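Encoded as structure tokens, the structure appears first; notes follow it.
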Amino acid sequence: MGALRTERESVIALFLVHMFPIGHLPVVMGKPARQLPLPDGGSGPQDHPEADVLDDLDALSHVSSGFRRSPTTPAAVPPQALTRGHHPWGEMSEEDWRERFVTGTDYLWPDGADPATPTMLEAGTHLDRFGDQHGRVFAEDATLFPMRSLPPDQAGAYRRYRVVRPLPVWRSVTAGWFGQPGGGVRFRTVLGADELVTLGFLADVTGEVR
1 MGALRTERES
11 VIALFLVHMF
21 PIGHLPVVMG
31 KPARQLPLPD
41 GGSGPQDHPE
51 ADVLDDLDAL
61 SHVSSGFRRS
71 PTTPAAVPPQ
81 ALTRGHHPWG
91 EMSEEDWRER
101 FVTGTDYLWP
111 DGADPATPTM
121 LEAGTHLDRF
131 GDQHGRVFAE
141 DATLFPMRSL
151 PPDQAGAYRR
161 YRVVRPLPVW
171 RSVTAGWFGQ
181 PGGGVRFRTV
191 LGADELVTLG
201 FLADVTGEVR
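Per the UniProt record's numbering: the sequence shown = residues 1 to 210.
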């Protein structure tokens, strides 16, 4: 029963990727939202010149040939070495920090320090990210938290992945932001982390020992 349920969940996930590439149904808003520039010059799902390698028909064949999607691995506590010396507000007060980097209930996100360039990550490459399993922004494995320029509330949930099949990404260098220095290499994927695991492009290795 467990295997059948896991297979059904994998097929459902593939259907959702195909039908809702933004990850969910459009949300009805009562008033116009503030329009912010797209980060890194990106234009959303399927914007990479090699995005066709993520064709969901190939992925469906991957599932039907024997792939079984395991349940999403719970986020782990990040290694202390990655967050050591991190100051949540940088050199600012919390009030000044929020005035600078928060608008309404959202964060103001920066572009990269340089224009993002399309590239392909080879199988065997390790990536990690802070945040939930649905995000599209990763970093080189073991990049220090301050070099990622993330808000402090993302310092608690850590995930790690291994590239299984050549993966199209946008590569850039993280700009200094959120009171942090930045400077780390970041990768923005075409689809979210959990979708890429379902499609067989990433393996979630959060629980594995380095």
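Virtual Cβ for every residue (Gly too), placed ideally from N, Cα, C. Remember, predicted model here, so these are calculated numbers, not experimental data.
Within a 10 Å sphere around the beta-carbon of Leu54 sit 16 or more other beta-carbons, which makes this residue buried. Across the structure, Val164 and Leu202 are spaced so that their CA atoms are roughly 5 Å apart.
Distances from the CA of Thr206 to each of Ala155, Pro115, Thr72, Leu191 were compared; the closest alpha carbon is that of Thr72. The three-state reading of DSSP puts Leu121 in strand, counting E and B together. Look at the beta carbons and you see the region 179 to 189 touching the region 132 to 147: at least three pairs across the two are nearer than 8 Å. Spatial neighbours of Pro88 in its own chain (CB-CB distance under 6 Å, excluding positions within 5 residues in sequence) are listed in chain order as Pro152.
For Leu82, the closest C-alpha among the options Ala157, Asp114, Leu121 is that of Ala157. A residue is called buried when at least 16 other Cβ atoms come within 10 angstroms of its Cβ; Ala123 does not meet this threshold and is exposed. For Asp141, the closest C-alpha among the options Asp132, Arg98, Asp128, Leu196 is that of Asp128. Beyond the five residues adjoining it in sequence on each side, Arg136 comes within less than 6 Å, by CB distance, of Arg188, Thr189, Gly192 in the same chain, given in chain order. With respect to the 9 Å criterion, Ala155 and Phe130 are classified as neighbours on the basis of their beta carbons. Residue burial is scored here from C-beta neighbours: Val102 has fewer than 16 other C-beta atoms within 10 angstroms and is therefore classed as exposed. The Cβ neighbour count for Val77, taken over all protein chains shown within 10 Å, is under 16; the residue is labelled exposed. Using a 10 angstroms sphere on the CB of Glu208, the tally of other CB atoms stays under 16, which defines it as exposed.
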